[in-house]
Amino acid sequence: MKIAILGNGGREHAIADQLSKSPKLNKLYCLPGNAGTELIAENVKLDIYDFNKLGKFVDEYKIDLVIVGPEKPLVDGVVDFLTNKGIKVFGPNKISSQLEGSKIFTKKICEKYKIPTAQFGVFNSVKDAHKYLEKSNKPIVVKADGLAAGKGVYICVDTESAKNAVVEIFNGKFGTANQVLIEEFMQGEEMSYFVISDGKTFRKFNTAQDHKRVGEGDKGKNTGGMGAYSPSGLINKELDLKIIETVIKPTFEAIKDMDETYKGFLYVGLMIRDNNPYLVEYNVRMGDPECQTILPLLDTDLLELMLSCCEGNLKNQPINWRDKKSMCIVLCSNGYPDTYKKNIEIPNLDKITSNNNTLIYHAGTEMIDNKVYATGGRVLNFVSISDDLKKSRESVIHEIENLNWENGFYRKDIGFRIIDK
Ligand code: AMP
Ligand code: GLY
4 MKIAILGNGG REHAIADQLS KSPKLNKLYC LPGNAGTELI AENVKLDIYD FNKLGKFVDE
64 YKIDLVIVGP EKPLVDGVVD FLTNKGIKVF GPNKISSQLE GSKIFTKKIC EKYKIPTAQF
124 GVFNSVKDAH KYLEKSNKPI VVKADGLAAG KGVYICVDTE SAKNAVVEIF NGKFGTANQV
184 LIEEFMQGEE MSYFVISDGK TFRKFNTAQD HKRVGEGDKG KNTGGMGAYS PSGLINKELD
244 LKIIETVIKP TFEAIKDMDE TYKGFLYVGL MIRDNNPYLV EYNVRMGDPE CQTILPLLDT
304 DLLELMLSCC EGNLKNQPIN WRDKKSMCIV LCSNGYPDTY KKNIEIPNLD KITSNNNTLI
364 YHAGTEMIDN KVYATGGRVL NFVSISDDLK KSRESVIHEI ENLNWENGFY RKDIGFRIID
424 K
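Reading the sequence shown from the start, the letters are residues 4 to 424 in this note's numbering.
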């Protein structure tokens, strides 16, 4: 089969790595890919947001299946566009992608289907939002409705900062806004729970925990994710059942009630308190870096699995996992998530070990004349698989120290909540 993956992050490199092991694969394209995918696939420089160009590429190269990595093309309707052309796509359609594309859409589903989540209010004006904030408890969470690349969420400790957040959102910091979402602040520990769905049934696709803050001890600014481990230390049978029954099943029921079907991965971001799940957010794709830590544990052909979703045959498809633990630490460019230098060479990558249990997935990198250059904030994902998260972390840190890239930094404490307590 000829396959195209849309995206250029660590998530897409991890997907490409899994697909390249499948006997069903003949040719893999990454649009646009990175220096890592270039070693196992053909990178094609193409603007994936220009659907007409994408459609032309898919026709010309006779692509059998398109896999969508990031959220933006999904929310923009790339699946509907390609499906209308008769092309097989792995990912949810435009309406189902509203689960990530509109936080208010999701909160309304939670309300109607009694899904446990933070109490919330939706406000149409600065004045109404401010009035509400004056009498609400703090901390409080103010959110922009649409996609904001992880930046549209403000955790506010006092009324003044919450009021400022409302003003910034209505002023269009994250695009035109007619509404703002204000939520109760939930205490607890976060967990990322994944499922895969073919539109008829869904199956669990492992758990993970990521660290979004830039600094050790989960301090400092939010980032795309500084590291993750899998499985989450919080999961147990009872909690698993509650998540499925009280959160996931009613969500798919809501999609069905809209006469829609959901195909693809669903990322369920949860707050866990007293072994009870509360929905924080949905993402309509794999997480990044959660994907880089989960996929190496998969002991089933990912391509077979994705095809079974496209064909509505997931029910009969085995999904096996290695009985191991996995950790991913992200090496970032100095200065991230603020400003950082671009196009800095990363030498010595060929000296880093890579095998079944030690992997490197590229993120913001590009290959020029056989040399690897950092082009993004998050640059490389180092992954280690073992029986023990502490061992995995030591092994990852050893590899990063070996690379000794002077323009980079990383967090040494990924997994601290379960390893170091
Ligand atoms: P989101 O983009 O909705 O995932 O929000 C980003 C992060 O903000 C989440 O991963 C949580 O850490 C935090 N967050 C969002 N909503 C809440 C909430 N209601 N209570 C506590 N923390 C929250
Ligand atoms: N790791 C968080 C995300 O993918 O949005």
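For each residue, glycine too, the CB sits at the ideal point set by N, CA and C.
Are there 16 or more other CB atoms within 10 angstroms of the CB of residue i, so buried, or fewer, so exposed?
i: H401; result: exposed
i: Y32; result: buried
i: P350; result: exposed
i: I118; result: buried
i: G338; result: exposed
i: Y196; result: buried
i: N55; result: exposed
i: G10; result: buried
i: M194; result: buried
i: G155; result: buried
i: S233; result: buried
i: I371; result: exposed
i: D353; result: exposed
i: T226; result: buried
i: N508; result: The structure shown has nothing for residue 508, since the chain only spans 4 to 424.
i: V256; result: The sequence given here places Glu at residue 256; Val does not occur at that position. The residue is exposed, with fewer than 16 neighbouring Cβ atoms inside 10 Å.
What residue range does the beta strand (DSSP E) around residue i cover?
i: Y487; result: Since the first residue of the chain shown is 4 and the last is 424, residue 487 is not available in this structure.
i: Q212; result: F205 to D213
i: G10; result: K5 to G10
i: E369; result: T368 to I371
Is there at least one Cβ from chain D nearer than 8 Å to residue i's Cβ?
i: L57; result: The chain inventory of the structure shown lacks chain D, comprising one protein chain alone.
Here's a check: name, in chain order, each residue in its chain whose Cβ is nearer than 8 Å to the Cβ of residue i, leaving out the five neighbours to either side.
i: T86; result: V92 and N96
i: E241; result: N278
i: I6; result: L22, L28, K30, L31, Y32, I66, D67, L68, V69, I70 and L306
i: V160; result: K141 and P142
Start and end of the alpha helix (DSSP H) containing residue i?
i: T109; result: K106 to K115
i: D277; result: Where D277 is concerned, there is no enclosing alpha helix (DSSP H), given that its DSSP letter is neither H nor E.
i: N319; result: Where N319 is concerned, there is no enclosing alpha helix (DSSP H), given that its DSSP letter is neither H nor E.
i: D243; result: K240 to K245
i: F60; result: F54 to E63
i: V81; result: V81 to N87
i: G175; result: Careful: G175 lies outside any alpha helix (DSSP H) and carries neither H nor E.
i: F188; result: First-last for F188: undefined, no H or E at that position.
i: K252; result: K252 to D260
i: V78; result: E74 to V78
i: E2; result: No statement about residue 2 is possible, as the shown extent of the chain runs from 4 to 424 and does not include it.
i: V399; result: L392 to L406
Is it true that the CB of residue j sits closer than 8 Å to the CB of residue i?
i: A132; j: V183; result: yes
i: L237; j: E284; result: no
i: I172; j: A165; result: no
i: G380; j: P340; result: yes
i: I422; j: I332; result: no
i: N407; j: K344; result: no
i: V125; j: I112; result: no
i: K328; j: S389; result: yes
i: V144; j: I158; result: yes
i: R276; j: Q190; result: yes
i: L136; j: K75; result: no
i: V129; j: I90; result: no
i: D243; j: N316; result: no
Just to confirm my understanding: we take residue i, look at its own chain, exclude 5 residues before and 5 after, and list those with CB closer than 7 Å. What are they?
i: W324; result: N209, L300, L301 and D302
Which same chain residues end up closer than 6 Å to residue i when comparing Cβ atoms and leaving out the 5 residues on each side of it in sequence?
i: I258; result: S99 and Y265
i: E187; result: A121 and Q122
i: Y52; result: none
i: T109; result: L102 and Y285
i: K374; result: E348
i: K48; result: P35
i: E45; result: Y32
Should residue i be listed as close to ligand 3, given that the test is whether its C-beta is under 7 Å from any heavy atom?
i: V283; result: Ligand 3 is not among the ligands present in this structure, which contains only ligand 1 and ligand 2.
Point to revise | Segment contact, 8 Å Cβ cut-off, at least three pairs: the segment 15-24 with the segment 37-57 | key: yes
Review point. Is the segment 245-253 touching the segment 286-295 in the sense that three or more CB pairs, one from each, lie closer than 8 Å?
Key: no
Review point. Does the segment 93-112 come close enough to the segment 265-272 that 3 or more CB-CB pairs lie under 8 Å?
Key: yes
Review point. Does the segment 377-392 touch the segment 357-369, meaning 3 or more C-beta pairs lie closer than 8 Å?
Key: yes
**Study point:** Contact the segment 408-417 vs the segment 211-224: 3+ CB pairs below 8 Å
**Key:** yes
Check your understanding: Counting Cβ pairs closer than 8 Å, one from the segment 303-310 and one from the segment 21-29, do we hit at least three?
Key -> yes
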